[in-house]
Each structure stands twice: as C-alpha cells, then as structure tokens.
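Take a look at the structure below.
There are 2 protein chains.
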Amino acid sequence: MSRSRLHRAGGVRNNNAPAPVVKRLSLYLRGLEKLADQKIEEVSSQQFARSLRLTGAQVRKDLAYFGQFGRRGVGYRVGPLIETLRHILGTDKTWNVVVVGAGNLGRALLRYKGFAKKGFRLVAAFDIAEAKVSVRVGRIRVYRLKDLDRIVRKYAVKLAIVTVPAEAGQSVTDILCAAGVMGILNFAPTMLDIPDGVAVAPVDLAAQLEQLSFQVAGAKVKG
Amino acid sequence: MSRSRLHRAGGVRNNNAPAPVVKRLSLYLRGLEKLADQKIEEVSSQQFARSLRLTGAQVRKDLAYFGQFGRRGVGYRVGPLIETLRHILGTDKTWNVVVVGAGNLGRALLRYKGFAKKGFRLVAAFDIAEAKVSVRVGRIRVYRLKDLDRIVRKYAVKLAIVTVPAEAGQSVTDILCAAGVMGILNFAPTMLDIPDGVAVAPVDLAAQLEQLSFQVAGAKVKG
DNA sequence: CTCTGTGAACGACTTCACAGCA
DNA sequence: TGCTGTGAAGTCGTTCACAGAG
Chain A
1 MSRSRLHRAG GVRNNNAPAP VVKRLSLYLR GLEKLADQKI EEVSSQQFAR SLRLTGAQVR
61 KDLAYFGQFG RRGVGYRVGP LIETLRHILG TDKTWNVVVV GAGNLGRALL RYKGFAKKGF
121 RLVAAFDIAE AKVSVRVGRI RVYRLKDLDR IVRKYAVKLA IVTVPAEAGQ SVTDILCAAG
181 VMGILNFAPT MLDIPDGVAV APVDLAAQLE QLSFQVAGAK VKG
Chain B
1 MSRSRLHRAG GVRNNNAPAP VVKRLSLYLR GLEKLADQKI EEVSSQQFAR SLRLTGAQVR
61 KDLAYFGQFG RRGVGYRVGP LIETLRHILG TDKTWNVVVV GAGNLGRALL RYKGFAKKGF
121 RLVAAFDIAE AKVSVRVGRI RVYRLKDLDR IVRKYAVKLA IVTVPAEAGQ SVTDILCAAG
181 VMGILNFAPT MLDIPDGVAV APVDLAAQLE QLSFQVAGAK VKG
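Just so you know, the sequences run in chain order A and B. If you read the first sequence in our numbering, its first letter stands for residue 1, the second for the next number, and so on. If you read the second sequence in our numbering, its first letter stands for residue 1, the second for the next number, and so on.
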C-alpha cells in the first residue's frame, strides 16, 4: 500500500488486533512518553524494541494493525505516534472514573497521581461503611452506594475501579452496570458476571505474587 | 499411563508448562478454595470450568502438565487438588515479603489482608523519606533503605513488592537483587533491568485502565 | 455410562525475510 | 544504505474427539 489516503489523513485502521497486541500498545505508549521526556523525536522499531525487550518486527507488525505510521529509512516520529496511540486507546479524551470501595486500596488509588497523567479523572468514591462516607480522600469525596447511580449518570462515568471484598464484588458490579458503566477494573478476587458489551480487567494481587512464587521455587528445581 | 507410581505418591510433574497455564493455576486455586468454602468436595472439569468461563478440556489439559489428579468417571477432589496446586505454586510454605516504597499504594498493600491467606507474610517496608521511616503501618515497620540488605538477609526474603516512583525503580531493584531477592512485583511504571534468574511481575494500573478504555471506545465503533 | 488424560487437528500469535520506498 | 510494511513460515497454545479407567 503506497501513500494511502488513510496514511495522509492520519487515520487509524482497526483490523481487530489480537488482545496481546493491544496490551503492548500501552507498553509502547509508556516507552514513547519516556523518549519524549528525553527530547528524542525519532526512533527506529529496532531501537525502540530493544528498550522494551521485544523485537523490531513485533513492534512494526503491532503498529501495522492500525495503520502506517513509520517512515522508511528513518523510523517513527515519537510525538505523532504518541498522539496516534492515545487516539487508538481512547485516552486522547479524558475519562471520568469512580472507585467503589474506600478501604486501604481504594483510598490509595484515589490518591494515585498516575491516572490523571494518562487521561483518567477520578470523580467520586463509594462505600457502604457510614464511617467512610462524606469524608474526602485527597480531593475526592466518598459517597453512599445509593448515590452511585446518580453520580455515574451526572458525570457520564464509563469506567469504574472496584476495590471491595470478594463477597461484595458481584452486587457492586450489578449496580455499576445498571448505571451505565462499560468497563470495570476489578481488584476483588472473584469472577464478575457482566452483561455483554461490558469489559472487565481483573487484577489479582495475591495471584501475581503466586506467579513469582512459582518462578522462584521452580527455578530452584531446575538449577 | 496407568496408575503410575507418580500418581500414587501424589508427586508432581513439571513439564515446563506454558506461562498461560501457570497463570490459570492461580485462578484454579482461587476457584477451588471457593468450592471448599461451600463444602463441595468433588468437581468435574466441566462444572469447574464453567464457573471460570473456560472449557473442561482446558482445565484437564492444564492440570495434566503437572500430573494425574482426577478420577475417571468422577472428577477432581477439591481438598487434595488445593494442596497440590499450592505445592506446585510454592505457596504451601510461607514466603517472607518486603515492600519498598511506603507511599499511598505501599501502605495500602501493607494493610491488605489477602496476602497472608495466600501464604505471603509482609515482614518490613522501606522508604527514603525520613518522615515515613520508623513509623508502623499496621504491624509492619518502615525502615531506611540502608537497612534493606540486613533485613532481607535476616528474614531470608525472596520476594519484594516495589511501589516507588518510576525514576526510583531501577536503583531500588539493584539493591533488592544484590540482597538476594529473586522475585519482584513491580508497580513502578518502568521496565526493570534484572539479573538472570530473577523474576519480575509488572503491574501497570494506568495501563489496565487504558485497556478498558480501548475496549469501551472500540466497542462503540463496531456496534 | 461418566469423566479423565491425551494425541491430533486447528487456530492464533510471533518471527522471518525480503520487496519496496526514502 | 537504512528502515518500514507485510506475506510466508514457524511456533506455541487451545480445542477436538476419543480411548480407556472406574
């Protein structure tokens, strides 16, 4: 394909890329942002891949799922590619996000600065414990669960972070989905039943440690 | 293989299973623990798989990487399989773990009860900020970074959780590896250089939200 | 008959290798 | 020459389907 209209327009293809590719897009974006901090304006797939412990071919093929962003003989322009990836990932616009569960983890996430830099704005938190309700964590207020529907609609919230105990995970999820939330970052160590069209990203911290345990204990067997 | 010595001894094969299989092992363990809570003692691969949104064949094949644990015509015994999976994952013994970085996230993890249930004991935390040093978070004390080597050796710590800013990730990692840590759960949004034999599990929370953003924004295009 | 364990078939992702453009 | 974009080849994981045990 030579100098397609798509390329000139800066358009983005979406040939339903495999999930692993989309996962790496986030990694690429982070890597590119680091290069931009270093005032590096151009990078070849090879150079860039090395810093991520991948291969140039993989970077090129991954990006090619979405369009033609490189320049032959040169490489990729860092700034424009950052813009493009943000557009693909949908983070060129700001997302309002709520946190359900104002326990230790929930409060820590409410204070975490990293989300804002990536285009996510935490707008409210929710908890069932009266003691936690109405207080502020950082700038964000903790509401009663019964206010969830109202607030989610008011701020057009599409993404939620769930940090409640496993037992409460499903009921909270039902409330979120009913209110129109379309994506859930789930820290509750339980499987959530969700309607079609809603996405869940599970994060099981204990399971992550288990994986390390396996690798460390297993290495002993081999070596 | 019929009634092998391996099976009767309750031994565990390790035919270097693929990473996705090992990842699911943690999921299986969680699911089985839930069944055990419900006093369910036996389960077929089919039944079990349904609750995890997988197929029976996949569950059977995954487990078969490590041995023969089922009974034909019956299914799997929940209790013994839990023991087996813990043994495979290395969590039948307790691991001492340290947390480096006593910011919001680090402190939240220090208070998180879920680790203990899975065989991980947090023994100490570390931070560079003098204001955070010497205080206790829950039962765990926060030490100066210069005490890390001593403490890690004293408690034979092999696993660490890193919750420092991206810029500090690498230097903290070097100190951990020098002290003998073999596995790092990394919340710092940066790529860590580690010696051979050391394992890293990266957890990029902002990237997880990006994945949801992609799915939610992308769904709009299709539907 | 039920359900496991497992080769064989299939499909998905990655790597290779090179044509084509700058 | 240098580097991208991409079919073709190869590898890895999943699903199928059935023999065999209980």
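Cβ atoms here follow ideal geometry from the backbone N, Cα and C, with glycine treated the same way. If you're wondering where the values come from, they're calculated on a predicted model, not measured in any experiment.
Asked: Could you spell out the range, first to last residue, of the alpha helix (DSSP H) harbouring A/Tyr-65?; Found: It is not in any alpha helix (DSSP H) - A/Tyr-65 carries neither H nor E in the DSSP assignment.
Asked: Below 8 Å on the Cβ atoms is my contact criterion, and I expect A/Ala-168 with A/Ile-151 to pass it. Report the Cβ-Cβ distance as a whole number of Å.; Found: Not confirmed; about 18 Å, so no contact.
Asked: If you measure from the beta carbon of A/Glu-210 to each beta carbon in chain B, is any gap under 8 Å?; Found: yes
Asked: Does B/Tyr-28 have its Cβ less than 8 Å from a Cβ in chain A?; Found: no
Asked: Taking only beta-carbon atoms, is B/Gly-67 less than 8 Å away from chain A?; Found: no
Asked: If we cut at 8 Å on Cβ distances, does B/Arg-13 have a partner in chain A?; Found: no
Asked: Counting only beta-carbon atoms, is A/Asp-204 nearer than 8 Å to chain B?; Found: yes
Asked: If you measure from the beta carbon of A/Asn-104 to each beta carbon in chain B, is any gap under 8 Å?; Found: yes
Asked: Whole angstroms is fine: what's the gap from A/Cys-177's alpha carbon to A/Tyr-155's?; Found: 15 Å
Asked: By Cβ distance below 7 Å, which residues in the same chain neighbour B/Glu-33 in space, the five residues on each side in sequence not counted?; Found: Ile-82
Asked: According to the Cβ coordinates, are B/Ile-175 and B/Val-200 closer than 8 Å?; Found: no
Asked: The beta strand (DSSP E) that contains B/Val-21, what's its start and end?; Found: Unbroken run through B/Val-21 is the alpha helix (DSSP H), 19–37; no beta strand (DSSP E).
Asked: Would you call the CB atoms of B/Val-162 and B/Val-100 closer than 8 Å?; Found: yes
Asked: Strictly by DSSP, which residues pair up with B/Glu-42?; Found: B/Arg-77
Asked: From the DSSP output, in three-state form, read off A/Asp-127 for me.; Found: strand
Asked: With a cut-off of 8 Å, does the C-beta of A/Pro-20 fall near any C-beta of chain B?; Found: no
Asked: What are the start and end residues of the beta strand (DSSP E) that includes B/Arg-144?; Found: 140–144
Asked: Alpha carbon to alpha carbon, how far is B/Val-97 from B/Arg-50?; Found: 34 Å
Asked: Any idea what DSSP makes of B/Arg-111, helix, strand or coil?; Found: helix
Asked: Against chain A, with Cβ distances strictly below 8 Å, would B/Ser-45 count as a contact?; Found: no
Asked: Would you mind telling me which residues of chain A sit closer than 7 Å to B/Pro-189, beta carbon to beta carbon, in chain order?; Found: Arg-30, Gly-114
Asked: Would a check of beta-carbon distances place A/Lys-23 closer than 8 Å to chain B?; Found: yes
Asked: Flag B/Pro-80 as yes if its beta-carbon sits less than 8 Å from any beta-carbon of chain A, otherwise no.; Found: no
Asked: At least one CB of chain A closer than 8 Å to the CB of B/Lys-158: is that the case?; Found: yes
Asked: Assuming the contact rule is C-beta atoms closer than 8 Å, A/Leu-110 and A/Leu-122 should be a hit. Round their C-beta distance to whole Å, please.; Found: 6 Å
Asked: Would A/Leu-216 count as contacting chain B if we go by Cβ distances under 8 Å?; Found: With the sequence shown as reference, residue 216 of chain A is identified as Val, and Leu is not the correct amino acid for it. By this cut-off, A/Val-216 is an interface position.
Asked: On the DSSP bridge assignment, give the partners of B/Pro-202 in chain order.; Found: B/Asn-186
Asked: Apart from the five residues just before and just after B/His-87, which ones in its own chain have a Cβ nearer than 8 Å to its Cβ?; Found: Val-12
Asked: Give the interface partners of B/Arg-136 over in chain A, defined as CB-CB distance under 9 Å, in chain order.; Found: Here the premise fails: no neighbours, minimum Cβ distance about 15 Å.
Asked: Taking 8 Å as the limit between beta carbons, can you name the residues of its chain near A/Ala-179, skipping five residues before and five after?; Found: Leu-148, Asp-149, Val-152, Arg-153, Val-157
Asked: According to DSSP, simplified to helix, strand and coil, what is B/Asn-14?; Found: coil
Asked: Consider the Cβ of B/Phe-120: report whether some Cβ of chain A lies at a distance smaller than 8 Å.; Found: yes
Asked: Would the C-beta of B/Gly-114 count as close to the ligand GTP, meaning under 7 Å from any of its heavy atoms?; Found: This structure simply doesn't include the ligand GTP, nor any ligand for that matter.
Asked: Within the 8 Å Cβ cut-off, does A/Arg-111 reach chain B?; Found: yes
Asked: Pull the bridge partners of A/Ala-102 from the DSSP assignment, please.; Found: Beta-bridge pairing links A/Ala-102 to no other residue.
Asked: Got a sec, what are the start and stop residues for the alpha helix (DSSP H) B/Ala-160 sits in?; Found: Careful: B/Ala-160 lies outside any alpha helix (DSSP H), inside the beta strand (DSSP E) at 159–162.
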